[in-house]
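Sequential numbering of the sequence shown, starting at 7, is according to my numbering.
Even for Gly, the Cβ is constructed at its ideal location relative to N, Cα and C.
The structure presented is a predicted model; accordingly, all values stated were derived computationally and were not measured.
The structure appears right after this line, and notes come after that.
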Amino acid sequence: MCSCRRPGWWSTLRIESPLRAMVRRMGMAASPLEQALDCLRSGQPARAEALCRARILEGRGEGDFAGHHLLGLALLHQGRAGEAEPELARAVALQPGNPAALNSLGMALAELNRAREAHAALSRAAALAPGSAWIRNNLGSVLHDLGQGQDAVRALDEALRLQPDYPEAHANRGMALQELSRFDEARAAFDAAIALRPGYPEALKRRAMLRLLLDDAGGWDDYEAAMHGFRTERGNGDAAVPWWRGEPLRGRKLLLHEGSGFGDTLQFFRFVPALLARGARVCFCGPPSLFALLRSSGWNVSFIAPGTPSGCDFQCDLWGLPARLGLPARAAAAPVPYLAADAAAIARWKAWLGAGSFAIGVAWQGNPARKIDLGRSIPLSAFAPLAAVPGVQLVSLQCNAGREQLQQLPPGVRIRDPGPGFDAGLDAFADTAALMMALDLVVSSDTAVAHLAGALGRPAWVALKHVPDWRWGLDRETTPWYPAMRLFRQPRPGDWSSVFAAMASRLATGQ
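Shown next as structure tokens:
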């Protein structure tokens, strides 16, 4: 499934009027830039890109500004923020006082998770255009990314004062309010966005997350409605296969699409037995690197890579299964463990660990390229209280991003590192799963590692931000998703010290 874009980021064609006015002042009607504007408005960003590149080759002066600006927007609309950013920076250099260009640059920087730079650009844009609702909306969204919730709400309130019928601003405001634990107001904001734009997928998705966080199973229906909207917009899935709406499955072949990340896929794969019990022949479509791990379930499932013809009768997103199966907000649906690791690999890791200590595997960093990781990942230094507990040995389960922190440990903190080759093979999580089975405990931030530990049935402690992801609820220490898991929650936003102090205390007392 494609990742969902944040509400408000992509209302970029609101700059059309000033740009089109500039183009016309220059006597360039029907020029490549004029045509590029029309292509952007009609959903043809690749064609707009080609036209802008042609114009830049021959343009100069103010024409270069319009060409670079439009080229940056064309690239943004194709999800190519890394290429868009230098074009938009060039446009801003040519016209430093142009609020539309500063806004566009801010959007590109935000998509690249460079929130502080985005904030600087958008603050300048807002000062230059105090009557612009869309710039205030984007500024509010970046303030939310920076964890400045109160300021975000103020910026979004101002956007809505300027333009009350602005659905993106209502949706962004709902997200900011949710992070502030103002759940009733957040729900009202999402409702307002959907009332203004019925079927608005991003607002439906965000409302779904809020409802599920609050134990409201109606969130599954909202999520399914959101996915329907995204499919209509983007054409996800196999166009030749109808979407499953709950029809009888006996003898029929059902294509399941992966979740929105490895963690979702590992969590929602648990629903496969419910489909098999209905007589379905199940085919999973996702990254081949996950196939070996998912096959360890022993369930009768076939596997295909994305883009492979499936020959299925129906298709469904993994995320859509709870709504179709009529499950509650916290649906277990399969006995745990439902995944397994290779026995020979487990034996090798047990020998590597040795005996005589209480071995804890730690994972601290999710994928920094995904906005959903904001506030979830934890500095490795925060784990130091665990290392101070007598008899404890910490072992890194971290792959890729975050490993550099192993070179910056506080004095006296030691963490065993399996090395750069850990889980570097073709099968995702093969080493991680086997090492987990040899450990006494897993301590993780809210990442796929936590879901893997849960699916393997391993004892796991998960550190959660103050307002966590929907699946963990608001006040429980346990979760029906994974019976061997314990949840440790920030008492206030950003407070990891209290979380790890509580963990260390429990370790020291053997609880």
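Assigned secondary structure, residue i (DSSP; H/G/I helix, E/B strand, else coil)
{"i": "Gly-367", "result": "strand"}
{"i": "Asp-221", "result": "coil"}
{"i": "Val-307", "result": "strand"}
{"i": "Ser-402", "result": "strand"}
{"i": "Cys-58", "result": "helix"}
{"i": "Leu-513", "result": "helix"}
{"i": "Leu-447", "result": "strand"}
{"i": "Ile-421", "result": "strand"}
{"i": "Pro-315", "result": "coil"}
{"i": "Ala-430", "result": "coil"}
{"i": "Leu-458", "result": "helix"}
{"i": "Pro-105", "result": "helix"}
{"i": "Thr-271", "result": "helix"}
{"i": "Glu-68", "result": "Interpretation of Glu-68 is limited by its pLDDT of 49, a score under 50 that renders its predicted location unreliable; the figure taken from the coordinates is listed afterwards. Helix."}
{"i": "Phe-435", "result": "coil"}
{"i": "Val-278", "result": "helix"}
{"i": "Met-32", "result": "Here Met-32 scores only 48 on pLDDT, less than 50, and its place in the model should not be relied on; the value that follows carries that caveat. Three-state DSSP puts Met-32 in coil, outside helix and strand."}
{"i": "Ser-23", "result": "Residue placement at Ser-23 is poorly supported in this model, since its pLDDT is 46, which falls under 50; the coordinates still yield a value, given next. Ser-23 falls in the helix class under three-state DSSP."}
{"i": "Phe-506", "result": "helix"}
{"i": "Pro-328", "result": "helix"}
{"i": "Val-148", "result": "helix"}
{"i": "Val-473", "result": "coil"}
{"i": "Thr-238", "result": "helix"}
{"i": "Asp-379", "result": "helix"}
{"i": "Pro-173", "result": "helix"}
{"i": "Ala-357", "result": "helix"}
Sub-8 Å separation of residue i and residue j beta-carbons
{"i": "Arg-203", "j": "Pro-170", "result": "no"}
{"i": "Ile-366", "j": "Leu-480", "result": "no"}
{"i": "Ala-357", "j": "Ala-440", "result": "no"}
{"i": "Gly-180", "j": "Ala-195", "result": "yes"}
{"i": "Ala-177", "j": "Ala-209", "result": "yes"}
{"i": "Ala-175", "j": "Asn-143", "result": "yes"}
{"i": "Ser-450", "j": "Gln-399", "result": "no"}
{"i": "Leu-145", "j": "Ala-161", "result": "yes"}
{"i": "Leu-493", "j": "Arg-482", "result": "yes"}
{"i": "Ala-114", "j": "Glu-91", "result": "yes"}
{"i": "Leu-149", "j": "Asp-157", "result": "yes"}
{"i": "Pro-254", "j": "Gly-235", "result": "no"}
{"i": "Leu-152", "j": "Ala-121", "result": "yes"}
{"i": "Pro-343", "j": "Gly-463", "result": "yes"}
{"i": "Ala-95", "j": "Leu-46", "result": "no"}
{"i": "Leu-345", "j": "Leu-299", "result": "yes"}
{"i": "Ile-62", "j": "Leu-43", "result": "no"}
{"i": "Trp-305", "j": "Leu-282", "result": "yes"}
{"i": "Leu-128", "j": "Gly-155", "result": "no"}
{"i": "Ile-384", "j": "Ala-469", "result": "yes"}
{"i": "Ala-60", "j": "Pro-38", "result": "yes"}
{"i": "Trp-355", "j": "Gly-265", "result": "no"}
Nearest neighbour of residue i, chosen from the options [CA to CA]
{"i": "Leu-82", "options": "Phe-71, Gly-49 and Ala-99", "result": "Gly-49"}
{"i": "Leu-219", "options": "Arg-120, His-472, Leu-415 and Ala-507", "result": "His-472"}
{"i": "Arg-376", "options": "Gly-257, Asn-119, Leu-260 and His-75", "result": "Asn-119"}
{"i": "Gln-84", "options": "Glu-55, Gln-101 and Arg-59", "result": "Glu-55"}
{"i": "Ala-131", "options": "Leu-100, Phe-494, Arg-213 and Gly-112", "result": "Gly-112"}
{"i": "His-74", "options": "Ala-87, Leu-100 and Asp-423", "result": "Leu-100"}
{"i": "Ala-329", "options": "Ala-353, Gly-225, Phe-389 and Ala-350", "result": "Gly-225"}
{"i": "Gly-418", "options": "Thr-314, Asp-379, Phe-389 and Pro-424", "result": "Phe-389"}
{"i": "Trp-467", "options": "Trp-476, Met-509, Met-443 and Trp-478", "result": "Met-509"}
{"i": "Glu-89", "options": "Phe-71, Asp-70 and Glu-117", "result": "Glu-117"}
{"i": "Pro-452", "options": "Leu-43, Leu-79 and Phe-268", "result": "Checking the sequence, you will find Asp at residue 452 rather than Pro. It is Phe-268."}
{"i": "Thr-515", "options": "Ala-124, Gly-427, Val-395 and Ser-402", "result": "Val-395"}
{"i": "Arg-237", "options": "Lys-211, Gly-252 and Arg-217", "result": "Lys-211"}
{"i": "Gly-317", "options": "Leu-300, Arg-287 and Pro-38", "result": "Arg-287"}
{"i": "Ile-421", "options": "Met-443, Pro-391, Gly-427 and Asp-429", "result": "Pro-391"}
{"i": "Gly-520", "options": "Ser-302, His-263, Ser-303 and Gly-252", "result": "Nothing can be reported for residue 520, as the shown portion of the chain is limited to 7 through 517."}
Sheet register partners of residue i (DSSP bridge)
{"i": "Met-491", "result": "Ala-466"}
{"i": "Lys-259", "result": "Arg-287"}
{"i": "Gln-321", "result": "Trp-249 and Leu-261"}
query = Is the region 95-107 touching the region 129-141 in the sense that three or more CB pairs, one from each, lie closer than 8 Å?
reply = yes
query = Contact between the region 289-309 and the region 431-438: three or more CB pairs below 8 Å?
reply = Yes, they touch.
query = Do three or more CB pairs link the region 364-382 to the region 407-416 at distances below 8 Å?
reply = They touch, by the three-pair rule.
query = Just checking, does the region 458-465 make contact with the region 318-336 on the three C-beta pairs under 8 Å criterion?
reply = The answer is no - the region 318-336 does not touch the region 458-465, with fewer than three Cβ pairs under 8 Å.
task = Indicate whether the contact test is met: 3 or more Cβ pairs, each with one atom in the region 216-231 and one in the region 251-270, closer than 8 Å.
result = No: fewer than three Cβ pairs fall under 8 Å.
inquiry  = Is it the case that the region 309-317 contacts the region 272-291, given that we only count it when at least three CB pairs across the two stretches are under 8 Å?
reply    = yes
inquiry  = Whether or not the region 243-252 and the region 490-506 are in contact is what I'm after, with contact meaning three or more pairs of Cβ atoms, one per stretch, closer than 8 Å; do they touch?
reply    = no
Cβ pair count under 8 Å reaching 3, the region 271-280 against the region 409-427 = no
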